[in-house]
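Chemist:
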Amino acid sequence: MRSQLSAILRGVITQQLLPRVGGGRIAAAEVLVGTDAVLNLIRENKCHQLDTPMQAGAAQGM
5 MRSQLSAILR GVITQQLLPR VGGGRIAAAE VLVGTDAVLN LIRENKCHQL
55 DTPMQAGAAQ GM
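Mapping to our numbering: the sequence shown position 8 is 12, numbers consecutive.
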């Protein structure tokens, strides 16, 4: 299953509404682009390490 997912994944976007300090809510989003590094981590069942390429991937839109 991980191999199939890593073969077709292009990216993942998550959104969440968070409370704003002064009241109301603000949208927060995270983007995970299916780079070679990300796909290898998924294939090798190392999903707990996905934060590393996300932090390093600002130039790729993550």
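From the three backbone atoms N, C-alpha and C, an ideal C-beta is built for every residue, glycine too.
(1) Fully enclosed by the segment 25-66, which alpha helix (DSSP H) runs are 4 residues long or longer?
(2) Which term fits L95, buried or exposed, when burial requires 16 or more other beta carbons within 10 angstroms of its beta carbon?
(3) Can you list, in chain order, the residues of its chain with a C-beta nearer than 6 Å to that of E34? Leave out the 5 residues immediately preceding and following it.
(4) State yes or no: is the C-beta of L45 within less than 8 Å of the C-beta of L54?
(5) Quick one: what's I17 bridged to in DSSP?
Modeler: Put simply:
(1) 40-47 and 55-60
(2) Residue 95 falls outside the range modelled here, since the chain spans only 5 to 66, and no answer is possible.
(3) If the five residues before and after E34 are omitted, its C-beta is found closer than 6 Å to the C-beta atoms of T18, all from its own chain and listed in chain order.
(4) Inclusion of L45 and L54 in the CB contact set at 8 Å is warranted, their separation being smaller than that value.
(5) V35
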